[in-house]
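83 is the number of the first residue of the sequence shown in our numbering; add one for each residue after it.
For every residue, glycine included, the Cβ atom is placed at its ideal position computed from N, Cα and C.
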Amino acid sequence: MRLVLLGPPGAGKGTQAKRLADRLGVPAISTGDIFRANISQGTPLGVLAQSYTRAGKLVPDEVTNDMVKARLAEPDVESGFLLDGYPRNAAQVTTLDGMLADLGTGLDAVVELTVDHEEVVARLLKRAQIEGRDDDTEEVIRHRQDVYRNETAPLVEIYRERGLLVAVDGMGEVDVVTSRLADALSALEA
Ligand code: ADP
Numbered sequence: 083m084r085l086v087l088l089g090p091p092g093a094g095k096g097t098q099a100k101r102l103a104d105r106l107g108v109p110a111i112s113t114g115d116i117f118r119a120n121i122s123q124g125t126p127l128g129v130l131a132q133s134y135t136r137a138g139k140l141v142p143d144e145v146t147n148d149m150v151k152a153r154l155a156e157p158d159v160e161s162g163f164l165l166d167g168y169p170r171n172a173a174q175v176t177t178l179d180g181m182l183a184d185l186g187t188g189l190d191a192v193v194e195l196t197v198d199h200e201e202v203v204a205r206l207l208k209r210a211q212i213e214g215r216d217d218d219t220e221e222v223i224r225h226r227q228d229v230y231r232n233e234t235a236p237l238v239e240i241y242r243e244r245g246l247l248v249a250v251d252g253m254g255e256v257d258v259v260t261s262r263l264a265d266a267l268s269a270l271e272a
């Protein structure tokens with residue numbers, strides 16, 4: 083299965099992406115995780131990415147697109163993948179379309195985790211305290227929500243029009259959300 087997981091920052095995408103990917107036996111590819119790994123290792127990509135992520139901005143498309151393209155060329159992706167955090171704007175959708183066309187494949191579904199906005203901000207503030215993520219100050223959290231609303235939320239309609247969208251309620255206990263996702267995917271596989 084080739085899937086994209088969409089949802090605002092704090093929707094629990096990362097947690098659910100790993101669980102779903104395990105269940106499907108495909109790699110979860112998180113652009114946020116790849117950036118964070120590069121930032122903590124101090125690579126040139128990390129230094130560049132951090133100047134954007136710490137301000138709650140998107141990393142420039144050419145940088146992100148090249149990184150995803152390289153990842154999708156790795157052999158473990160042949161059985162499928164679950165993309166978490168990419169695409170994040172309409173231009174990235176077009177680039178991803180091109181990458182998949184070049185690989186002779188396409189997406190099976192785009193799963194949208196739907197959440198309550200206030201709940202999401204509360205979750206992020208809590209996570210910021212626990213993990214001390216330096217991209218998680220309150221101001222940055224609010225900016226990232228705005229970026230999501232303006233740049234990423236419109237992708238829901240793009241994929242709905244293509245008949246690929248599957249909306250899943252992301253509110254509630256982590257295990258409950260995981261079973262909702264599992265049910266939604268079983269329905270797809272059937
Ligand atoms: P979140 O915690 O908001 O779900 P991620 O962990 O997915 O965020 O990503 C962290 C940061 O990495 C984002 O705020 C953004 O700056 C950058 N980033 C991640 N994916 C992309 C992308 N597809 N395009 C541009 N920037 C990205």
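C-alpha distance - residue i paired with residue j, whole-angstrom precision
i       : j       : result
Glu-255 : Ala-210 : 19 Å
Ala-137 : Ala-272 : 43 Å
Asp-184 : Arg-105 : 27 Å
Lys-139 : Ser-268 : 35 Å
Leu-87  : Thr-219 : 24 Å
Pro-109 : Leu-189 : 15 Å
Gln-132 : Asp-148 : 17 Å
Ala-99  : Ser-261 : 13 Å
Arg-231 : Val-238 : 11 Å
Tyr-134 : Thr-187 : 31 Å
Glu-221 : Arg-84  : 34 Å
Ala-173 : Glu-243 : 17 Å
Gln-227 : Pro-91  : 7 Å
Val-175 : Tyr-168 : 8 Å
Asp-141 : Ile-240 : Residue identity differs from the one stated: residue 141 is Val in this sequence, not Asp. Cα-Cα distance, rounded: 22 Å.
Ala-330 : Ala-93  : No answer is possible for residue 330: the residues shown for the chain start at 83 and end at 272.
Arg-118 : Asp-166 : 14 Å
Pro-236 : Ile-212 : 31 Å
Which of helix, strand or coil DSSP assigns to residue i
i       : result
Val-197 : coil
Arg-224 : helix
Asp-257 : helix
Asp-218 : coil
Arg-244 : coil
Ala-249 : strand
Cβ neighbours of residue i in the same chain (closer than 7 Å, five flanking residues each side left out)
i       : result
Gly-89  : Lys-95, Glu-194, Leu-195, Val-197 and Gly-252
Lys-151 : Met-181
Lys-208 : none
Thr-125 : none
Other residues of its chain near residue i: CB distance less than 8 Å, five sequence neighbours each side excluded
i       : result
Arg-153 : Ile-111, Ile-116 and Val-159
Val-145 : Leu-127, Leu-130 and Ala-131
Asn-120 : Leu-127, Gly-128 and Ala-131
Thr-97  : Val-256
Ser-286 : Nothing about residue 286 can be read from this structure; the chain reaches only from 83 to 272.
Neighbourhood of residue i by C-beta, 6 Å cutoff - its chain only, sequence neighbours within 5 removed
i       : result
Thr-234 : Arg-170
Ile-223 : Leu-206
Thr-177 : Asn-147
His-225 : Gly-138
Beta-carbon gap between residue i and residue j smaller than 8 Å
i       : j       : result
Val-202 : Leu-246 : no
Leu-164 : Leu-263 : no
Leu-270 : Val-248 : yes
Gly-114 : Ser-161 : no
Heavy atom of the ligand ATP within 7 Å of residue i beta-carbon
i       : result
Val-141 : The ligand ATP is absent from the structure shown, which contains only the ligand ADP.
Beta strand (DSSP E) runs wholly inside the segment 116-192, at least 3 long, in chain order: Within the segment 116-192, the complete beta strand (DSSP E) runs of at least 3 residues fall at 163-166.
Curious, which full-length beta strand (DSSP E) runs of at least 3 residues does the segment 89-115 contain? Runs found: 110-112.
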